[in-house]
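So for the sequence shown, this note's numbering puts the first residue at -16; every next one is plus one.
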Amino acid sequence: MIKGENLKKASNNNNVNVVEAVKGINIEIKKGQITGLLGLNGAGKTTSIRMLSGELLPDEGTVYEDNTPIEKNLTNFRTKVNVISGTERGLFWHLTAYDNLTYFARLYGIEKETYRSRIPNLLKLVRLEKASGQRVETFLKV
């Protein structure tokens, strides 16, 4: 089970404009349960999901896995959680193919020497070795 209690997250632009992205949500997701978040643009859906998946830590509140705060073993928690977005953006479009793979390798706690040796092979496997330095947004969608 994953549970979020009183999750809050704010963003600020150089301490000028503080925007409360998430104002204190409570949610409980049981193992195997499929859950969707619906809401208007700017309602805090993505930020909430990023907090619940351990990608982003809340400013206030706690995310639990089976009643244990995820911060106690964040790397292990991240290896067990998958988020599927309802959009085409499973990657960061402003990053290169190589940088996207690096980001996710680091997110999952893979050792630097390991991911540096594996990423070129992964790119070759999907025929993107020559495009590894290109931003994902430049790739064709088929």
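Note that the Cβ used here is the ideal one computed from N, Cα and C, for glycine as well.
Keep in mind the model is a prediction, meaning the values are calculated, not measured.
| Item | Value |
| --- | --- |
| Tell me the residue span of the beta strand (DSSP E) that contains THR45. | 43 to 48 |
| Using a threshold of 8 angstroms, state whether the C-beta atoms of LYS28 and LEU35 are closer than that. | no |
| Mapping the DSSP letters down to three states, classify THR18 as helix, strand or coil. | coil |
| Just to confirm my understanding: we take LEU105, look at its own chain, exclude 5 residues before and 5 after, and list those with CB closer than 7 angstroms. What are they? | LEU84 |
| Would you tell me roughly how many angstroms separate the C-alpha atoms of ASN(-5) and ALA4, rounded to the nearest one? | 10 angstroms |
| Our contact map puts LEU39 next to THR30 with C-beta atoms below 8 angstroms; I'd like the distance itself, whole angstroms only. | 7 angstroms |
| Quick one: Cα of LYS63 to Cα of TYR86, how far? | 17 angstroms |
| Can the beta-carbon of THR79 be found closer than 8 angstroms to that of GLY116? | yes |
| LYS(-9) bridges to which residues according to DSSP? | LYS6, GLU43 |
| With burial defined as no fewer than 16 other Cβ atoms inside 10 Å of the residue's Cβ, what is the status of GLY37: buried or exposed? | buried |
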